[in-house]
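Visitor: Using full-length UniProt numbering, read the sequence shown as starting at 1 and increasing by one per residue. Idealized CB from N, CA, C, for every residue including glycine. Since the model is a prediction, treat every value here as computed from it, not as a measurement.
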Amino acid sequence: MLNLQRKIMSLFLVLVMVFSISMPAFANEDTSETNVKISKDKATDIGKEFLKNYFATEIDEKKFETRIELEKSWRQKDSKVWRIRWRNRKENGGVNFRVEIDANTGILLDCTKDSYDYDEKISVPSISEEEAKKKAQEFLKKIQPGKVGSVKLRNEENRIMNRYDISNYRFEYVRQINGVEFPSNGINLGIDGTNGELIEYRINWDYNIDAPKVENIIDKEEARKLLEDEVAMEKYYLGIRDEETRKTKNIKLVYRASYKGKNELDAKTKEFKEYNIDKNLESKDISFDRKQEIYKKALNIKKEKVDKERAEEIIKTLLKDLYEKEIEIDSIEYMENVNRYRNAGKNCWEVEFRKKGAEKYDTDGGITINADTGEILSVNIYNYRRGSEEFELKLTWNEAYDKAIEAIERFYPDKIRDIDTNQNHYKRLDDDEIERDYYFHFSRKENGIGFDGDSININISAQDGTIEDIHMRWTDNMEFPNHVGKISEEKGKELWLKNLECKLIYSKDMDKKHNKLNLVYVLENKINRYGLNIDANTGTFVDYSGKEVKLDEKPNVDKNHPYIQELKVLAAKEVIDIDKVSLNNEITLIDAVKMLTKAKGYRAYRANRYEDLKFTNISKEDENYSILKGAVYFKILDNEAVEFNKEKKVNNMDMAKLMVKALGYEKLAKAQDIYVLPFKDANKISEEDKGYVALCKGLGLIEGEEFNPQKNITYLDMAIIIYKSLENFKEY
């Protein structure tokens, strides 16, 4: 079995690659305590005092593990911070505090509390969002009394942190100068929804700034027109993935907006702020003839299934060629129908290796190859000391590009004509920063249109030209839609502009050392949704997953709804879509089961581990197949060779049985002659069903003088009962 710790580290390195693989090394960086004004001991005292005053915690060094490091700050050039972590581990969980303090001013910049309990049940807020907001305001006044009048709470529809953290709230206060937003500055506060305590504090604040007055500026309409003229729409293929298998199952042609780097308009001069982007940009591509030359080599590559022995052969040859070191295979494992983003649906051989002579499981890297074709799917060199060891830049970005192309020529020559080989590189602006790695992302192109769902990613060491990472995702036999959509580019732009509003803000030059701000106009999305696109055939807005998003859609639930708090929690956990469901409609069995399964912690990508369904009328092609597998896994449904009546209306008796099964109490419910029901209509409940109703009553899920076993329930009824049950569900 592959070593779990190394797998986790491999995943971490992949994520680092995706978001910021070009890690900087700082020339002559000195992180010694003598070069900062705040000593390690002083920083420790500042952190402890802050936790005592605002987090109701006193740090006992005997109970808490302490780690403190002096590091370069990402917030400001030439500044350093003390990063402190206090950890108190317990048998089934613990608590972590992370603190960041400016090493020259002593200002505490960041403090977060993270509690975890391996046996913990799902927590739900015991205080409302409005109560949490009052708590946040109180903490703001205590911690930053002088800044209360200089910030404004950002409007959010739902302040619950995320679907995995439904018990806490987050409040973002944006800095205001002369009544205008300065979005890059502000204060974030996190409030524990179960007790009202502070669990997160973060401040980003520029001092001694020079902000121009709001005078002699052009009007908003003129600014909007100038900004709109710079908006261009680009065609793109959007891959729609199966939630369970992660395979690309469908592709849509969409439009995406491009602002050509001109997305800030100076409100006084009407000039676009471009921040020297072009002068720091270098690009490189290969010629058509070079592509043809590479493609010819694909004729010599034979794709065939490989057994374990052949897989080891391929990998040993590869390691010897790439790294010129004696390598030993640490472990090799066959993975069938891999359920991962990059290798979705593939059968793979996964190998971890180490330098010859190293201790077993002291792994140096991993390789994955396609067991059906012999193709290299990924190569990872684990370097846990990236950024800390001595480094000498020997390779330019141009030279690294050539090496990346050589890697494609060797491993993927058949794909050279179907990827975007044109690569851009932004040179670092600060003279004291150099790049340790160069990251190349060759996305797939079909019909001359980009498709980022498939790509070849290569990471090259700037020190010795070593390939440190390769990742290839490719969907075979995929049919791409016509490159000409029913909606023209002009119409696409017209639709896109409806989603934009023109806004006046303060902006700071990121490539200059001074603290002078610019007063600029920008276009902002009304819908702040990640990966927003326009379907080039329907003209509808769709998100990154292809799901339709409606503009200016009125909320389906009034903010004064008596159960708005409960509904927001369930919406955050994605149990119910309160903007689409008619709450007073009678609920069907399939929807009740889906809501309950999601509340239990269903994740589509795990469904391939669950047993196949036996229902006679539910095929694997059914859109609900995956989540019904989840319902069986969570014991909400029995997996039997019977017909599953999806459209059956759920009554109170059905609901009681579903809830008891979901809570894991069905054996108790089946006990006979021990339950007495307080309902006036108890005689309408059969002896074999009394246990289900009694348990629901005892747990506080149902109330009233009558139970009405045959009365159909609504979506709202089901939602509230699920909400009441959440604290009895274990986290998955």
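Rounded to whole angstroms, what is the Cα-Cα separation between Ile-467 and Gly-365?
Guide: 12 Å
Visitor: Is it buried or exposed for Phe-729, if we count other Cβ within 10 angstroms and need 16 for buried?
Guide: buried
Visitor: To the nearest angstrom, how far is it from the Cα of Cys-502 to the Cα of Glu-61?
Guide: 52 Å
Visitor: For the beta strand (DSSP E) containing Gly-450, list its first residue and its last residue.
Guide: 449-461
Visitor: If Glu-129 and Arg-154 are in contact, beta carbons under 8 Å, what's the gap, nearest whole angstrom?
Guide: With a Cβ gap of about 14 Å, Glu-129 and Arg-154 do not count as contacting.
Visitor: Kindly list the residues whose CB is nearer than 7 Å to the CB of Ile-46, restricted to its own chain and excluding five residues on each side of it in sequence; keep chain order.
Guide: Within the same chain, Ile-46 has close Cβ partners Ile-101, Gly-106, Leu-108.
Visitor: Just to confirm, is the Cβ distance from Ile-199 to Asp-192 under 8 Å?
Guide: yes
Visitor: With DSSP as the reference, label Ile-534 as helix, strand or coil.
Guide: Of the three classes helix, strand and coil, the one that applies to Ile-534 here is strand, per DSSP.
Visitor: Counting only the same chain and skipping the five closest in sequence on each side, list residues whose C-beta sits under 7 Å from that of Ala-641.
Guide: Lys-614, Thr-616
Visitor: Counting Cβ pairs closer than 8 Å, one from the stretch 292-301 and one from the stretch 238-257, do we hit at least three?
Guide: no
Visitor: With DSSP run on the structure shown, which of helix, strand or coil describes Asn-337?
Guide: coil
Visitor: When DSSP labels each residue in this structure, what does Ser-22 get in the three-state scheme?
Guide: Only weak support is given to the placement of Ser-22: the predicted model assigns it a pLDDT of 37, under 50, and the value that follows is read from those uncertain coordinates. Three-state DSSP puts Ser-22 in coil, outside helix and strand.
Visitor: Taking only runs of the alpha helix (DSSP H) that begin and end inside the stretch 115-155, which ones reach a length of at least 4 residues, in chain order?
Guide: 129-143
Visitor: Looking at the secondary structure, which residues open and close the beta strand (DSSP E) in which Val-593 lies?
Guide: Not the beta strand (DSSP E): Val-593 falls in the alpha helix (DSSP H), residues 589-599.
Visitor: DSSP three-state label for Gln-292, please.
Guide: helix
Visitor: Hey, how far is the Cα of Ile-332 from the Cα of Thr-475?
Guide: Whole-angstrom Cα-Cα distance: 25 Å.
Visitor: Of the residues Lys-648, Asn-53, Tyr-201, which one's Cα is nearest the Cα of Lys-113?
Guide: Comparing Cα positions, the closest option is Tyr-201.
Visitor: Ordered along the chain, which non-local residues of its own chain (more than five positions away) have a Cβ less than 8 Å from that of Lys-724?
Guide: Leu-699, Gly-700, Leu-701
Visitor: Where do the N-terminal and C-terminal ends of the alpha helix (DSSP H) with Gly-47 fall, by residue?
Guide: Per DSSP, Gly-47 is one residue of the alpha helix (DSSP H) stretching across 40-54.
Visitor: Throw me the rounded Cβ distance for the Ile-636 and Lys-661 pair, which I believe falls under 8 Å.
Guide: 5 Å
Visitor: Inspect the beta-carbon positions of Leu-596 and Lys-646 and report whether they are closer than 8 Å.
Guide: no
Visitor: Taking the beta carbon of residue 734 as the centre, do at least 16 other beta carbons fall within 10 Å, making it buried, or is it exposed?
Guide: A question about residue 734 goes unanswered here, because the residues of the chain that appear run from 1 up to 732.
Visitor: Helix, strand or coil: which one does DSSP assign to Pro-678?
Guide: Coil at Pro-678, not helix or strand.
Visitor: Specify the secondary structure class of Trp-86 as computed by DSSP and reduced to three states.
Guide: The three-state reading of DSSP puts Trp-86 in strand, counting E and B together.
Visitor: For the stretch 438-450 against the stretch 349-358, do three or more pairs of beta-carbon atoms, one drawn from each stretch, fall closer than 8 Å, so that the two count as touching?
Guide: no
Visitor: Measuring alpha carbon to alpha carbon, tell me which residue in Tyr-116, Leu-70, Asn-188 is nearest Asp-110.
Guide: Asn-188
Visitor: Taking the straight line between their C-alpha atoms, what separation do you get for Asp-717 and Tyr-169?
Guide: 25 Å
Visitor: Looking only at its chain, what residues have a beta carbon closer than 6 Å to the beta carbon of Ile-367, apart from the 5 residues adjacent to it on each side?
Guide: Ile-315, Val-351, Val-379
Visitor: If you draw a straight line from the C-alpha of Asn-88 to the C-alpha of Phe-97, how long is it?
Guide: 9 Å
Visitor: Confirm, please, whether the CB-CB distance from Leu-658 to Ala-592 is below 8 Å.
Guide: yes
Visitor: Classify His-425 as buried or exposed, calling it buried when 16 or more other Cβ atoms lie within 10 Å of its own Cβ.
Guide: By the 10 Å Cβ count, His-425 comes out buried.
Visitor: Out of Thr-373, Lys-629, Glu-33, Lys-291, point me to the one whose CA is closest to Ile-408's CA.
Guide: Lys-291
Visitor: From Asp-414 to Glu-375, what does the alpha carbon distance come to, in whole angstroms?
Guide: 11 Å
Visitor: Span of the beta strand (DSSP E) holding Glu-687?
Guide: Where Glu-687 is concerned, there is no enclosing beta strand (DSSP E), given that its DSSP letter is neither H nor E.
Visitor: Taking a contact to mean a Cβ-Cβ separation below 8 Å, would you say Met-478 touches Leu-377 in this structure?
Guide: no
Visitor: Rounding to the nearest angstrom, what Cα-Cα distance links Ala-599 and Lys-568 in this structure?
Guide: 13 Å
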